[in-house]
Structures are given as structure tokens and as C-alpha cells.
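Numbering (this note's numbering), first residue to last: 51 to 527.
Each residue gets a CB set at the ideal place from its N, CA and C atoms; glycine is no exception.
This report refers to the structure that appears directly beneath it.
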């Protein structure tokens, strides 16, 4: 994985940079000690590490603006960082860059239940947004598996989804407005406390832009009334391909569950050992959840179970209590952590048409044999957002490279069947050099034209998203 060479002039001017930053930020908000900055040398894609020049932890939009203005004037690259849970290297620094973390910006700024929105600083964690409104019977819908830790800033940057995105959509469907600081320190407001804004959809452009356009410091989020009830059903199958076919048939039948989650045998076993959720011993498992009143839930689950029985499930079990439902979801939410107990892994994020699930799952199994690496599958099956976990040994020479080559072939397969490189993890550095497999030269040029408008000097989140061989001239300019 190639990264640009650090700018020696910036490295030499570190003392001047730090001194200027300390004039506009509290002293403990500027971290320059190399021992302390090592805590920020990577995100959740731990295969790649690079200590930054310095780390800034501002507590307000004003402080972010002042800090960015200084970095812009001195030509210092800036890497925005939420909670560091990015699985695509989206917050990986360069040696000459300054990280601007929003962890201290975690306040609720406004709550309006009549108009169903909440305004927060973007360092607030995903789950704590729901925590702020649940006593009034509301919730925030997007629920990434890392929701206990991940920040709203990162959710916006990567347009994150989660298990319940099938019904409620991903971040962009629940984002009403943002306050964003441009690289030169300018503060802009996009959208707001209303359903739609006039003019160009700049809010839609910012959501999913991976920190390439600005640092989002505040967000207005849509909150929803909690449903009357919800109930999941576990369905076990003898093969991943059959489970994939069942998912396709459920979607074709016109049923809209709130979630359809998929796990295969390696993930089931690891998760069961870790969370003891009571999962069946089978090759593939679906968790299908519906919501509504009791009669609505019964009607939907009856139809889903009738579809599942056509595929000869080895187990079909409805939750009968809140405790059983919590256990079912505890297992799924623990999947990534449980897999980590088995060893090193790389988590992918390709998205495919639901109808292609049987073919893609079968092909991944064949590629696992070809590359000699085990793979576990856990993903949001309802919208085709796949998360293959490729197991490798980081201490074995060549294993990481083999893992990356395997992952690249899986992502290419996703594109070839009509899907795309990412659903919610973003491109970052992980998929950067695969962008040309999905987009032509004109497409990439148009995307880079947009970045030119917001960040003409290409100082924000360097070496991400765009292949270095096509973006190098832009950065140089």
C-alpha cells in the first residue's frame, strides 16, 4: 500500500505549527509528543500505521475553524477523525499531517420532539443519540455494529448503515443538516431542521464524502417514534447458497422486514463461543426481524416462515420474549469482536444485488480455496451489503498481501455482478486503488473536480479515496 512522501518543509516547521495552534486551542488539546501521537497512528484497519505530526482535540466549531485556518495557511494536511472505528483506513494519517479529532465534541445541542429532530456535536457516539431520546419514546435509526463506539462524524463521512437500514435507510436518509468547517476555516451550514432544503443537494454530497470536503462538527438528525413492537426469527440452513436464495425470495415476496442479517458457519461458531446467544449448529443463519403491532408481526412472520420452509431449513425459531430477542441481537452485534478471537482478519464491504447472493457466496467459497485463506461471512443480507471477513496471520510473511489480493477479487466480483465497492465502510485507502475498476477516467475526474471546489489545495484527508496515480496531479496543483 503506497502512501505519498511526507513534506520535509512541514516536518521542519512543526515547532512553529504547534506554537500557533496552542494560541487558539487549550494546551491539552494539542498533542505533539511522538509517544502520545502513536495512539492515533491507525484506525480499525490496523494493518497500516503511520504516526501523525500532531493531534488536535478541539471542543467547538470555533476551535476547529481556527485550527484549520492555521493549517491551511501553512499548507499542512489535515485528517478528520471520529472514533477511529473505520475499517477502510479512512482516518490513517500521513507523517506530515495533523489529525483533527472530534471526540471532545459530544454534546446534545437541541432536541425537538414535535418536529422529530436532534442536533448534536458529531463526536457523540451513535448509540448515545438514541440514549438521549429513548425516554420520550424515540430512537435514531442507523445502527452500525460499532454503534457503542463509533461517532456521528464517522457515520456521516462513510454514510454508515447497520442492521436496520433495510427499512429505515442509512445515514443519508436520516441526516437533515450539518455544520461543516472548510479547509480554510470557513464555517458553512447545510440543510437544517426541516425535511428538505432548496437549491443543490450539497448535504447529500457531504454525506459519504469521507472527510474530503470539510470537517463536520454538528449534525441535525431525524429521530423516529419507537415501533409498537418487534420480533426476530432465527432460520438455519445447510448451505450459504440456500440461505442467500431465501433472502432473495423474501425480498421478491414484497415483505419489508426491519432487518435481514446473515452469518455463515465460521462466524456462527465464533459468535456462539463468544456471546452464547443460543445459535443453531448449521452452515448458515438468517436473523429476520419485523415490527409493528402483534397482529402485524404475526402476519409478516407467518409469510416469512412459509418462504423459509420452501428452502428446507434445519431450524426455524421465533423469539418469544424480550430476553430471547436481546440474545439473538447480542450474538450478531458481537460478530466482529468474536471473530477477532480467532486471529487477524480483514473486513470487506462490497454491495451486490440481492438476487446475486447465491452466486457470490458460492464464488467466495471457491476463492477461499484458491487463495488458501479462510473466510467468514456476516452481513446485511436485506440490502446486499456484504462483510466477508478474511482470516490471515499478520506475523506470517506474505499473508497480508495474499489477504489483500483475495479481498480485491471479492470486491471486483461485487462490481461485476452489478454492485459496488462499498456500502458503508467507505473507500479510504483499502479500496482506493480499486476505484478505477468501478469508475472510468471521466467519472473519477468529475469526482475530483468536486473536491477541487471545496479543497483546492487537496489538504483534507490525503491519499484517500482516489488512486494516487490519477490524483497526484491534483494534489501537486
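The Cβ neighbour count for residue 505, taken over all protein chains shown within 10 Å, is at least 16; the residue is labelled buried.
Per DSSP, reduced to three states, the secondary structure at residue 503 is helical. If you draw a straight line from the Cα of residue 150 to the Cα of residue 266, it is about 11 Å long. Looking at the DSSP output, residue 349 sits in no beta bridge, so it has no partner there.
In this structure, the straight-line span from the alpha carbon of residue 340 to that of residue 212 is close to 15 Å. Annotation for residue 430: the continuous beta strand (DSSP E) segment containing it runs 425-430. C-alpha of residue 345 to C-alpha of residue 224: approximately 28 Å in a straight line. By the Cβ-count criterion, residue 350 is buried, with 16 or more other Cβ atoms from all chains shown falling within 10 Å of its own Cβ. Secondary structure in the region 138-202: the alpha helix (DSSP H) runs of 4 residues or longer, each lying completely within the stretch, are 176-183 in chain order. Assignment of alpha helix (DSSP H) within the region 354-397, counting only whole runs of 4 or more residues, yields 372-383, 385-390 in chain order.
Note on geometry: alpha-carbon atoms of residue 332 and residue 96 lie some 31 Å from one another. In terms of Cβ geometry, residue 233 and residue 204 do not form a close pair [threshold 9 Å]. The continuous beta strand (DSSP E) containing residue 231 extends over residues 225-231. Proximity to residue 243 across 460, 164, 384 peaks at 164, based on C-alpha coordinates. With fewer than 16 other beta carbons inside 10 angstroms of its own, residue 356 counts as exposed.
The beta carbons of residue 132 and residue 207 sit closer together than 9 Å. Taken through DSSP and simplified to helix, strand or coil, residue 435 comes out as strand. For residue 337 and residue 473, the gap between their C-alpha atoms comes out near 20 Å. Between residue 237 and residue 115, the CB-CB gap stays under 9 Å. Boundaries cannot be given for residue 79, as no alpha helix (DSSP H) includes it and DSSP labels it neither H nor E. Counting of Cβ neighbours within 10 angstroms places residue 209 among the buried residues, the total reaching 16 or more.
The DSSP-derived three-state label of residue 314 is strand. Per DSSP, the unbroken beta strand (DSSP E) holding residue 286 starts and ends at 280-287. Under the three-state reduction of DSSP, residue 212 is assigned to strand. It is roughly 43 Å from the alpha-carbon of residue 183 to the alpha-carbon of residue 487.
Around the beta carbon of residue 194, 16 or more other beta carbons sit within 10 angstroms, so the residue counts as buried. The residue among 134, 129, 55 with its C-alpha nearest the C-alpha of residue 143 is 129.
Restricting attention to 377, 227, 94, 424, the CA atom closest to the CA of residue 325 is found in 377. Cα atoms of residue 159 and residue 501: separation of roughly 30 Å, rounded to the nearest angstrom.
CA-to-CA, the gap between residue 481 and residue 402 works out to about 16 Å.
Counting only residues of its own chain and dropping the five nearest sequence neighbours on each side, residue 358 has a CB closer than 7 Å to the CB of 285, 296, 366. Residue 64 and residue 103 have their C-alpha atoms roughly 7 Å apart. In this structure, DSSP gives residue 241 an extended state, which the three-state scheme calls strand. DSSP, read as helix, strand or coil, puts residue 218 in helix. Under a 10 Å Cβ-count criterion, residue 503 is classified as exposed, with fewer than 16 other Cβ atoms of the shown protein chains found around its own Cβ.
Within the same chain, and ignoring the five residues on either side of residue 186 in sequence, the residues whose Cβ sits closer than 8 Å to its Cβ are 163.
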